[in-house]
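Residue numbers for the sequence shown follow this note's numbering, so the first one is 268 and each next one is one higher.
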Amino acid sequence: MMETVKELLQQLTKMQWSDFLDIIIVAFLLYKLFPLIRTTGTSRIAKTIIGILAVAWLADALNLYTFSFIMEQFLQVGLIALVVLFQPELRRMLDHIGNMKLRKIFGTDKTEQEMEPIIAQTVAACEVMSRERVGALIVFARDNRLDEYFKTGTKIDGQVSEQLFRNIFFPKASLHDGAVIVRDGRIAAAGCVLPLSDSVRLSADLGTRHRAGVGMSEISDAVVVIISEETGTISVAVGGMLKRHLAAKTLERLLTQELCPAEQPKQENLMVRLRQKIQKKGKEEQK
């Protein structure tokens with residue numbers, strides 16, 4: 268053990284500043300790109316690659332020569348096979364990387380104070396539309412810019428407000444059947460066409476609007492709010508999971524949790540804490 272530590276220290280002393288910079292850059296890229304495999308499509312690619320490599324390693328460890336030979340031949344053409352099999356998922360992942368803004372890469376998300384009025388207006392609109400049984404489909408884009416689906420609708424670029432949501436989803440409005448995409452804190456487009464989920468876990472009583480919302484959440488990191496036209500029920504789809512029968516307060520709490528970046532807890536001033544301890548100790552001595 269000690270010899271291993273000594274060898275490691277020796278290697279560290281031989282490293283130049285460029286080696287440390289290289290490690291930091293690679294670690295940063297891995298940290299920022301790792302969330303890409305959270306979506307259903309890209310996770311399938313990752314699981315497939317890991318499974319193939321695990322089988323190949325196991326075959327080599329057990330000296331299964333014939334099977335190892337087959338796996339080696341497969342791995343030689345495996346990259347091409349993966350491109351063919353997972354072409355849609357790879358295209359979405361590359362589109363995700365290409366559309367990711369620099370401010371997202373460097374972690375400068377909107378603050379909770381900026382998102383609070385947006386969430387409040389959304390909840391107010393959903394509460395009214397739910398009561399009036401007006402169907403709605405609202406997509407909140409996050410890291411994934413959703414340009415592919417943005418182009419299927421009509422550009423709006425309007426401020427998020429209760430009245431605008433209600434006007435868009437008014438039953439006789441021309442854009443009410445499609446989805447609204449909200450990104451960068453603004454209503455970017457309306458009347459957008461979303462992919463339908465083919466999941467067998469969804470209830471048979473769910474219609475096209477719910478399947479579109481779940482489908483969008485399966486292939487991206489978007490948060491999708493769905494209002495049923497038949498029942499007025501409010502639902503939210505995140506990561507392919509559908510949460511149904513939400514009250515307005517629950518919807519507000521869920522949107523805040525998903526759309527507001529986690530803020531670091533405020534650290535108390537060290538001198539203030541020290542003074543408080545001294546005062547507390549002084550009171551105890553007086554007693």
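A virtual CB, placed ideally from N, CA and C, is assigned to each residue, including glycine.
Close Cβ partners of residue i (< 8 Å) along its chain, the five nearest in sequence each way excluded
i: residue 278; result: none
i: residue 345; result: 319
i: residue 326; result: 334, 335 and 338
Spatial neighbours of residue i in its chain, beta-carbon cut-off 6 Å, leaving aside the 5 residues before and after
i: residue 401; result: 436
Residue i, DSSP secondary structure in three states
i: residue 421; result: strand
i: residue 406; result: strand
i: residue 458; result: strand
i: residue 439; result: coil
i: residue 282; result: coil
i: residue 400; result: coil
i: residue 479; result: helix
i: residue 335; result: helix
i: residue 413; result: coil
i: residue 344; result: coil
i: residue 271; result: helix
i: residue 484; result: helix
i: residue 527; result: coil
i: residue 474; result: coil
i: residue 330; result: coil
i: residue 514; result: coil
Spatial distance of residue i from residue j (CA atoms)
i: residue 434; j: residue 295; result: 44 Å
i: residue 480; j: residue 331; result: 47 Å
i: residue 451; j: residue 469; result: 30 Å
i: residue 412; j: residue 328; result: 44 Å
i: residue 407; j: residue 298; result: 23 Å
i: residue 286; j: residue 324; result: 30 Å
i: residue 462; j: residue 394; result: 26 Å
i: residue 343; j: residue 521; result: 46 Å
i: residue 471; j: residue 272; result: 60 Å
i: residue 447; j: residue 466; result: 23 Å
i: residue 530; j: residue 440; result: Note on residue 530: pLDDT 47, under 50, position unreliable in the model; no value is reported.
i: residue 317; j: residue 525; result: 29 Å
i: residue 478; j: residue 438; result: 20 Å
i: residue 484; j: residue 282; result: 44 Å
i: residue 380; j: residue 275; result: 47 Å
i: residue 428; j: residue 398; result: 18 Å
i: residue 517; j: residue 290; result: 43 Å
i: residue 341; j: residue 293; result: 29 Å
i: residue 511; j: residue 405; result: 15 Å
Own chain residues within Cβ distance below 7 Å of residue i, not counting five before or after
i: residue 421; result: 442, 456, 457 and 458
i: residue 445; result: 420, 457, 458, 459 and 460
i: residue 396; result: 403, 433, 436 and 494
i: residue 425; result: 431, 453 and 454
i: residue 423; result: 454, 455, 456 and 457
Per DSSP, the bridge partner or partners of residue i
i: residue 502; result: 493
i: residue 426; result: 453
i: residue 447; result: 405
i: residue 509; result: 504
Indicate whether the contact test is met: 3 or more Cβ pairs, each with one atom in the region 471-491 and one in the region 505-515, closer than 8 Å.
-> yes
So does the region 409-423 actually touch the region 384-401, counting three or more Cβ pairs closer than 8 Å?
-> no
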